[in-house]
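> Taking full-length UniProt numbering, the leading residue of the sequence shown gets 1, the next gets one more, and so forth.
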Amino acid sequence: MQDLLQKIVDIAEIWRIIKTGMASAERLSDVMELESDISTPTLPYTPKVVTGSVEFKDVDFAYVENEKVLSDVNFKVDAGQTIAIVGPTGAGKTTFVNLIARLYDTDNGNIYIDGKDIKEWDLKALRKNIGYLIQDTFLFEDTILNNLKYNNPGVTTEQALQVFKDLGTESFITSLPESLETKISTESSEISAGQRQIIALARILLRNPKILILDEATARIDTKSEKMLQNAIEKACEGKTTFIIAHRLSTIFNADQIILIKDNTILEKGSHKELLALKGLYFEMYSRFVGK
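1. Can you tell me the Cα-Cα spacing of residue 116 and residue 136, whole angstroms?
2. Where does residue 270 fall in DSSP's three states?
3. Quick check on DSSP: helix, strand or coil for residue 257?
4. Reducing DSSP to helix, strand and coil, say where residue 282 ends up.
5. For residue 66, name the three-state secondary structure that DSSP assigns.
6. What does the Cβ neighbour count give for residue 43, buried or exposed, with the cut at 16 atoms within 10 Å?
7. Using DSSP with H/G/I as helix, E/B as strand and the rest coil, what is residue 134?
8. For the putative contact between residue 51 and residue 84, defined by C-beta atoms under 8 angstroms, what is the C-beta separation to the nearest angstrom?
9. So for residue 297, helix, strand or coil by DSSP?
10. Under the rule that 16 or more other beta-carbon atoms within 10 Å means buried, what is residue 263, buried or exposed?
11. Leaving out five residues before and five after residue 101 in sequence, what residues of the same chain have Cβ atoms less than 8 angstroms from its Cβ?
12. Taking only runs of the alpha helix (DSSP H) that begin and end inside the stretch 171-210, which ones reach a length of at least 4 residues, in chain order?
13. Along the beta strand (DSSP E) that carries residue 221, what are the first and last residues, could you check?
14. Provide the residue span of the alpha helix (DSSP H) that contains residue 94, from first to last.
15. If I follow the unbroken alpha helix (DSSP H) through residue 125, where does it start and stop?
16. Going by C-alpha distance, which of 38, 58, 204, 156 is nearest residue 119?
17. Cα separation between residue 167 and residue 231?
18. For the beta strand (DSSP E) containing residue 86, name the first residue and the last one.
19. Where does the unbroken beta strand (DSSP E) through residue 348 begin, and where does it stop?
20. Could you name the residues of the same chain whose beta carbon sits closer than 7 angstroms to that of residue 91, not counting the 5 residues immediately before and after it, in chain order?
21. Which value, in whole angstroms, describes the spacing of the CA atoms of residue 71 and residue 81?
22. Can you have a look at residue 174 and say buried or exposed, based on whether 16 or more other CB atoms are within 10 angstroms of its CB?
23. What residue does the alpha helix (DSSP H) around residue 144 start on, and which one ends it?
24. With distance defined between alpha-carbon atoms, name the residue in 164, 216, 134, 197 nearest to residue 249.
25. Does DSSP put residue 38 in a helix, a strand or coil?
26. Go ahead and pull the three-state DSSP assignment for residue 49.
27. Using only alpha-carbon positions, find the residue among 87, 243, 257, 290 that is nearest to residue 134.
28. To the nearest angstrom, how far is it from the Cα of residue 177 to the Cα of residue 171?
29. Along the chain, where does the alpha helix (DSSP H) containing residue 161 start, and where does it finish?
30. Restricting to Cα atoms, I'd like to know which of 158, 114, 142, 274 is closest to residue 53.
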(Lines of atoms letter the chains of each structure in order from A; the text may use other names.)
(Lines give C-alpha, C1' and ligand atoms only; values in the text may rest on other atoms or scores of the structure.)
Protein backbone atom coordinates (compact mmCIF):
# COMPACT_ATOMS: atom_id res chain seq x y z
CA MET A 1 0.00 0.00 0.00
CA GLN A 2 2.83 2.38 0.86
CA ASP A 3 4.45 1.71 -2.53
CA LEU A 4 1.16 2.52 -4.24
CA LEU A 5 0.83 5.79 -2.34
CA GLN A 6 4.41 6.73 -3.26
CA LYS A 7 3.66 6.07 -6.94
CA ILE A 8 0.61 8.31 -6.73
CA VAL A 9 2.74 11.04 -5.17
CA ASP A 10 5.36 10.59 -7.91
CA ILE A 11 2.71 10.85 -10.63
CA ALA A 12 1.33 14.02 -9.05
CA GLU A 13 4.81 15.54 -8.99
CA ILE A 14 5.41 14.62 -12.63
CA TRP A 15 2.10 16.26 -13.58
CA ARG A 16 3.08 19.41 -11.65
CA ILE A 17 6.36 19.58 -13.58
CA ILE A 18 4.52 19.13 -16.89
CA LYS A 19 2.10 21.94 -15.99
CA THR A 20 5.03 24.17 -15.04
CA GLY A 21 6.72 23.40 -18.33
CA MET A 22 3.54 24.19 -20.26
CA ALA A 23 3.26 27.55 -18.52
CA SER A 24 6.87 28.41 -19.27
CA ALA A 25 6.42 27.33 -22.88
CA GLU A 26 3.53 29.76 -23.24
CA ARG A 27 5.70 32.56 -21.92
CA LEU A 28 8.52 31.67 -24.28
CA SER A 29 6.37 31.06 -27.35
CA ASP A 30 6.45 34.67 -28.53
CA VAL A 31 10.24 34.70 -28.49
CA MET A 32 10.42 31.38 -30.31
CA GLU A 33 8.13 32.71 -33.01
CA LEU A 34 10.31 35.77 -33.40
CA GLU A 35 13.42 33.66 -33.87
CA SER A 36 11.97 32.14 -37.06
CA ASP A 37 12.15 35.58 -38.70
CA ILE A 38 15.81 36.07 -37.84
CA SER A 39 18.25 35.06 -40.57
CA THR A 40 21.39 33.13 -39.66
CA PRO A 41 24.68 34.18 -41.28
CA THR A 42 26.47 31.66 -43.47
CA LEU A 43 29.65 32.00 -41.42
CA PRO A 44 28.46 33.13 -37.97
CA TYR A 45 30.81 35.17 -35.82
CA THR A 46 31.58 33.68 -32.40
CA PRO A 47 34.05 35.84 -30.44
CA LYS A 48 36.39 34.42 -27.84
CA VAL A 49 36.22 37.60 -25.76
CA VAL A 50 33.35 40.09 -25.50
CA THR A 51 33.76 43.54 -23.91
CA GLY A 52 30.24 44.87 -24.48
CA SER A 53 30.54 48.11 -26.48
CA VAL A 54 27.33 48.91 -28.38
CA GLU A 55 26.66 51.23 -31.32
CA PHE A 56 23.48 52.13 -33.23
CA LYS A 57 24.02 53.69 -36.67
CA ASP A 58 21.08 55.20 -38.58
CA VAL A 59 18.63 52.64 -37.16
CA ASP A 60 15.00 52.57 -38.31
CA PHE A 61 12.44 50.02 -37.18
CA ALA A 62 8.70 49.43 -37.58
CA TYR A 63 6.47 46.57 -36.43
CA VAL A 64 4.00 47.55 -39.14
CA GLU A 65 5.10 48.87 -42.52
CA ASN A 66 5.23 52.69 -42.71
CA GLU A 67 4.59 53.04 -38.95
CA LYS A 68 8.05 53.65 -37.54
CA VAL A 69 8.70 52.93 -33.89
CA LEU A 70 12.32 54.09 -34.09
CA SER A 71 13.74 56.47 -36.67
CA ASP A 72 17.32 57.56 -37.40
CA VAL A 73 18.69 56.38 -34.04
CA ASN A 74 22.41 56.97 -33.51
CA PHE A 75 24.47 56.52 -30.35
CA LYS A 76 27.57 54.79 -29.06
CA VAL A 77 28.18 53.14 -25.68
CA ASP A 78 31.59 52.19 -24.35
CA ALA A 79 32.04 48.82 -22.66
CA GLY A 80 31.10 48.94 -18.99
CA GLN A 81 28.92 52.05 -19.20
CA THR A 82 25.42 52.32 -17.75
CA ILE A 83 22.80 53.76 -20.09
CA ALA A 84 19.32 54.82 -18.99
CA ILE A 85 16.52 54.96 -21.54
CA VAL A 86 13.56 57.17 -20.66
CA GLY A 87 10.58 58.63 -22.47
CA PRO A 88 6.80 58.62 -22.67
CA THR A 89 4.84 55.35 -22.76
CA GLY A 90 4.93 53.92 -26.28
CA ALA A 91 8.03 55.88 -27.27
CA GLY A 92 9.93 52.72 -28.23
CA LYS A 93 12.08 52.15 -25.14
CA THR A 94 11.62 48.37 -24.98
CA THR A 95 11.93 48.04 -28.76
CA PHE A 96 15.27 49.79 -28.41
CA VAL A 97 16.74 47.01 -26.26
CA ASN A 98 14.92 44.18 -28.06
CA LEU A 99 16.87 45.14 -31.16
CA ILE A 100 20.14 44.71 -29.25
CA ALA A 101 19.19 41.12 -28.40
CA ARG A 102 18.14 40.70 -32.03
CA LEU A 103 14.61 39.65 -31.21
CA TYR A 104 13.88 41.74 -34.29
CA ASP A 105 16.07 42.98 -37.14
CA THR A 106 16.35 46.65 -38.04
CA ASP A 107 14.61 47.87 -41.19
CA ASN A 108 17.49 50.23 -41.93
CA GLY A 109 20.83 50.91 -40.31
CA ASN A 110 23.07 48.69 -38.23
CA ILE A 111 23.74 47.69 -34.64
CA TYR A 112 27.26 46.77 -33.59
CA ILE A 113 28.57 44.98 -30.52
CA ASP A 114 32.33 45.22 -30.10
CA GLY A 115 32.47 46.72 -33.58
CA LYS A 116 30.79 43.75 -35.26
CA ASP A 117 27.35 43.95 -36.88
CA ILE A 118 25.04 41.77 -34.77
CA LYS A 119 23.57 40.29 -37.96
CA GLU A 120 26.94 38.60 -38.45
CA TRP A 121 27.02 37.15 -34.92
CA ASP A 122 26.11 33.59 -34.07
CA LEU A 123 22.67 34.10 -32.50
CA LYS A 124 23.35 31.86 -29.49
CA ALA A 125 26.68 33.58 -28.83
CA LEU A 126 24.98 36.97 -29.06
CA ARG A 127 22.19 36.16 -26.62
CA LYS A 128 24.51 34.30 -24.27
CA ASN A 129 26.24 37.63 -23.70
CA ILE A 130 23.00 39.50 -22.98
CA GLY A 131 21.14 39.21 -19.68
CA TYR A 132 17.53 40.45 -19.73
CA LEU A 133 15.68 41.20 -16.47
CA ILE A 134 12.05 42.27 -16.79
CA GLN A 135 9.52 43.38 -14.18
CA ASP A 136 7.45 40.17 -14.28
CA THR A 137 10.19 37.61 -13.91
CA PHE A 138 9.18 33.99 -14.38
CA LEU A 139 10.46 31.46 -11.86
CA PHE A 140 9.68 27.75 -11.91
CA GLU A 141 7.76 26.15 -9.06
CA ASP A 142 10.89 24.45 -7.81
CA THR A 143 13.79 25.11 -5.45
CA ILE A 144 15.83 28.29 -5.67
CA LEU A 145 18.87 26.23 -6.67
CA ASN A 146 17.03 24.48 -9.50
CA ASN A 147 15.79 27.83 -10.75
CA LEU A 148 19.38 29.03 -10.85
CA LYS A 149 20.35 25.93 -12.82
CA TYR A 150 17.80 26.62 -15.54
CA ASN A 151 19.70 26.66 -18.85
CA ASN A 152 22.90 26.36 -16.78
CA PRO A 153 22.78 22.88 -15.18
CA GLY A 154 26.41 22.87 -14.10
CA VAL A 155 25.87 25.49 -11.39
CA THR A 156 27.03 24.24 -7.98
CA THR A 157 25.71 25.16 -4.54
CA GLU A 158 28.96 27.00 -3.85
CA GLN A 159 28.68 29.06 -7.05
CA ALA A 160 25.06 29.88 -6.28
CA LEU A 161 25.86 31.09 -2.77
CA GLN A 162 28.79 33.10 -4.10
CA VAL A 163 26.66 35.04 -6.58
CA PHE A 164 24.25 36.05 -3.80
CA LYS A 165 27.25 37.08 -1.73
CA ASP A 166 28.58 39.15 -4.64
CA LEU A 167 25.19 40.87 -4.85
CA GLY A 168 25.22 41.60 -1.12
CA THR A 169 22.11 39.47 -0.62
CA GLU A 170 23.55 36.34 0.99
CA SER A 171 21.65 37.07 4.24
CA PHE A 172 18.35 36.78 2.38
CA ILE A 173 19.21 33.23 1.27
CA THR A 174 20.70 32.06 4.56
CA SER A 175 17.68 33.39 6.48
CA LEU A 176 15.37 31.00 4.62
CA PRO A 177 14.65 27.73 6.50
CA GLU A 178 16.02 25.58 3.68
CA SER A 179 18.39 28.11 2.10
CA LEU A 180 18.84 27.31 -1.61
CA GLU A 181 16.56 24.28 -1.28
CA THR A 182 13.60 26.51 -0.42
CA LYS A 183 10.79 25.86 -2.88
CA ILE A 184 9.27 28.73 -4.82
CA SER A 185 5.56 28.75 -5.50
CA THR A 186 2.98 31.29 -6.60
CA GLU A 187 1.36 31.07 -3.17
CA SER A 188 4.64 31.38 -1.23
CA SER A 189 4.77 34.27 1.23
CA GLU A 190 8.35 33.53 2.26
CA ILE A 191 9.77 35.15 -0.87
CA SER A 192 8.70 38.67 -1.81
CA ALA A 193 8.47 40.15 -5.32
CA GLY A 194 11.78 41.95 -4.83
CA GLN A 195 13.49 38.79 -3.64
CA ARG A 196 12.19 36.96 -6.71
CA GLN A 197 13.87 39.62 -8.83
CA ILE A 198 17.10 39.06 -6.93
CA ILE A 199 16.90 35.32 -7.66
CA ALA A 200 16.32 36.08 -11.34
CA LEU A 201 19.25 38.51 -11.35
CA ALA A 202 21.49 35.88 -9.75
CA ARG A 203 20.42 33.38 -12.43
CA ILE A 204 21.47 35.87 -15.11
CA LEU A 205 24.84 36.63 -13.50
CA LEU A 206 25.73 32.95 -13.27
CA ARG A 207 25.89 33.04 -17.09
CA ASN A 208 28.25 36.04 -16.86
CA PRO A 209 26.81 38.11 -19.74
CA LYS A 210 28.70 41.25 -20.73
CA ILE A 211 25.52 43.24 -21.43
CA LEU A 212 22.63 43.65 -18.97
CA ILE A 213 19.17 44.90 -19.92
CA LEU A 214 16.94 45.92 -17.01
CA ASP A 215 13.43 46.59 -18.32
CA GLU A 216 11.41 48.18 -15.50
CA ALA A 217 13.14 45.68 -13.21
CA THR A 218 12.32 47.61 -10.03
CA ALA A 219 8.67 48.27 -10.86
CA ARG A 220 5.99 46.69 -8.64
CA ILE A 221 8.55 46.00 -5.92
CA ASP A 222 7.55 45.98 -2.27
CA THR A 223 9.14 48.57 0.01
CA LYS A 224 10.65 45.80 2.14
CA SER A 225 13.03 44.60 -0.55
CA GLU A 226 13.31 47.64 -2.85
CA LYS A 227 16.54 48.91 -1.32
CA MET A 228 18.09 45.43 -1.28
CA LEU A 229 17.21 44.94 -4.96
CA GLN A 230 18.52 48.36 -5.96
CA ASN A 231 21.82 47.69 -4.17
CA ALA A 232 22.04 44.27 -5.84
CA ILE A 233 21.47 45.82 -9.26
CA GLU A 234 24.23 48.36 -8.65
CA LYS A 235 26.64 45.56 -7.81
CA ALA A 236 25.48 43.51 -10.82
CA CYS A 237 26.21 46.41 -13.17
CA GLU A 238 29.86 46.64 -12.16
CA GLY A 239 32.05 45.86 -15.17
CA LYS A 240 29.07 45.30 -17.48
CA THR A 241 27.41 47.41 -20.15
CA THR A 242 23.96 48.06 -18.73
CA PHE A 243 20.78 49.42 -20.27
CA ILE A 244 18.13 50.55 -17.79
CA ILE A 245 14.56 51.26 -18.86
CA ALA A 246 12.78 53.03 -16.04
CA HIS A 247 9.83 55.32 -15.30
CA ARG A 248 11.17 56.22 -11.87
CA LEU A 249 13.91 58.79 -12.44
CA SER A 250 15.40 58.10 -9.00
CA THR A 251 16.92 54.88 -10.38
CA ILE A 252 18.90 56.51 -13.21
CA PHE A 253 20.61 59.63 -11.85
CA ASN A 254 24.03 57.94 -11.78
CA ALA A 255 23.89 56.57 -15.34
CA ASP A 256 26.82 57.46 -17.59
CA GLN A 257 24.35 58.44 -20.31
CA ILE A 258 20.62 59.09 -20.32
CA ILE A 259 18.84 58.70 -23.65
CA LEU A 260 15.45 60.38 -23.91
CA ILE A 261 13.26 58.98 -26.67
CA LYS A 262 10.27 60.88 -28.03
CA ASP A 263 8.43 60.74 -31.34
CA ASN A 264 10.35 57.59 -32.31
CA THR A 265 13.84 59.06 -32.10
CA ILE A 266 16.46 60.33 -29.64
CA LEU A 267 15.42 63.78 -28.48
CA GLU A 268 18.05 64.35 -25.79
CA LYS A 269 21.21 62.53 -24.74
CA GLY A 270 23.75 63.13 -21.98
CA SER A 271 24.39 62.74 -18.27
CA HIS A 272 21.79 63.74 -15.67
CA LYS A 273 23.61 67.02 -15.07
CA GLU A 274 24.00 67.75 -18.79
CA LEU A 275 20.33 67.11 -19.53
CA LEU A 276 19.19 69.34 -16.68
CA ALA A 277 21.35 72.12 -18.14
CA LEU A 278 19.52 71.80 -21.48
CA LYS A 279 16.26 72.85 -19.79
CA GLY A 280 14.38 70.58 -22.22
CA LEU A 281 11.95 67.69 -21.80
CA TYR A 282 14.17 65.81 -19.34
CA PHE A 283 14.34 68.93 -17.19
CA GLU A 284 10.53 69.09 -17.23
CA MET A 285 10.27 65.39 -16.28
CA TYR A 286 12.75 65.87 -13.44
CA SER A 287 10.96 68.98 -12.18
CA ARG A 288 7.68 67.06 -12.02
CA PHE A 289 9.46 64.21 -10.23
CA VAL A 290 11.04 66.34 -7.48
CA GLY A 291 7.83 68.33 -7.15
CA LYS A 292 5.90 65.26 -6.04
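Glycine included, every Cβ here is placed at the ideal spot set by N, Cα and C.
Reading it off the structure:
1. Within the sequence shown, residue 116 is the residue found at index 116, counting from 1. Within the sequence shown, residue 136 is the residue found at index 136, counting from 1. Whole-angstrom Cα-Cα distance: 32 angstroms.
2. Translated into positions along the sequence shown, residue 270 becomes position 270. When DSSP states are grouped into helix, strand and coil, residue 270 belongs to the strand group.
3. Start at 1 with the first residue of the sequence shown, and residue 257 comes out as number 257. Three-state DSSP puts residue 257 in a strand.
4. Locating residue 282 in the sequence shown gives position 282, where the first residue counts as 1. Of the three classes helix, strand and coil, the one that applies to residue 282 here is helix, per DSSP.
5. Indexing the sequence shown from 1 puts residue 66 at position 66. Residue 66: coil per DSSP, three-state reduction.
6. Your numbering for residue 43 matches position 43 in the sequence shown. Exposed, by the Cβ-count rule.
7. On the sequence shown, residue 134 is found 134 positions in, with the first residue counted as 1. Note: residue 134 maps to strand in three-state DSSP.
8. Position 51 of the sequence shown, counted from the first residue, corresponds to residue 51. Position 84 of the sequence shown, counted from the first residue, corresponds to residue 84. About 20 angstroms; that fails the 8 angstroms criterion.
9. Outside the shown range of the chain, which is 1 to 292, sits residue 297, and nothing can be said about it.
10. In the sequence shown, counting from the first residue as 1, residue 263 sits at position 263. Looking at its Cβ environment, which holds fewer than 16 other Cβ atoms inside 10 Å, residue 263 is exposed.
11. Looking up residue 101 in the sequence shown gives position 101. Within the same chain, residue 101 has close Cβ partners 126, 127, 130, 132, 213.
12. 193-205
13. The residue you call residue 221 lines up with position 221 of the sequence shown. Note, residue 221: premise wrong, no beta strand (DSSP E); not H, not E.
14. Walking along the sequence shown from the start, residue 94 turns up at place 94. 93-100 is the extent of the alpha helix (DSSP H) around residue 94.
15. For the purposes of this step, residue 125 is taken as residue 125 along the sequence shown, with counting starting at 1. Element bounds for residue 125: 123-128.
16. The residue labelled residue 119 in the question sits at position 119 within the sequence shown. Measuring from the Cα of residue 119, the nearest candidate turns out to be 38.
17. Here residue 167 is taken as the residue at index 167 of the sequence shown, counted from 1. Here residue 231 is taken as the residue at index 231 of the sequence shown, counted from 1. Each residue's Cα considered, the two are about 8 angstroms apart.
18. Position 86 of the sequence shown, counted from the first residue, corresponds to residue 86. Unbroken beta strand (DSSP E) run through residue 86: 82-86.
19. It is not possible to answer for residue 348, since the shown part of the chain is limited to 1 through 292.
20. Numbered from its first residue, the sequence shown carries residue 91 at position 91. The answer, listed in chain order, is 261, 262.
21. Translated into the one-based positions of the sequence shown, residue 71 becomes position 71. Translated into the one-based positions of the sequence shown, residue 81 becomes position 81. Cα to Cα, the separation comes out at about 24 angstroms.
22. Your numbering for residue 174 matches position 174 in the sequence shown. Answer is exposed; the Cβ neighbour count stays below 16.
23. Within the sequence shown, the letter at position 144 stands for residue 144. It spans 144-148 - the alpha helix (DSSP H) in which residue 144 sits, taken as one unbroken run.
24. The residue labelled residue 249 in the question sits at position 249 within the sequence shown. Ranking the options by Cα distance to residue 249, first place goes to 216.
25. On the sequence shown, position 38 is the one that residue 38 refers to. In this structure, residue 38 counts as coil in the three-state DSSP scheme.
26. Along the sequence shown, read from residue 1 onward, the residue named residue 49 stands at position 49. If DSSP states are grouped into helix, strand and coil, residue 49 belongs with coil.
27. Numbered from its first residue, the sequence shown carries residue 134 at position 134. Nearest of 87, 243, 257, 290 to residue 134, Cα basis: 243.
28. By one-based count along the sequence shown, residue 177 stands at place 177. By one-based count along the sequence shown, residue 171 stands at place 171. In a straight line, the C-alpha of residue 177 is about 12 angstroms away from that of residue 171.
29. The residue given as residue 161 occupies position 161 in the sequence shown. That run of the alpha helix (DSSP H) goes 157-166.
30. As a first step, residue 53 must be located in the sequence shown, where it is residue number 53. The shortest Cα separation from residue 53 among 158, 114, 142, 274 belongs to 114.
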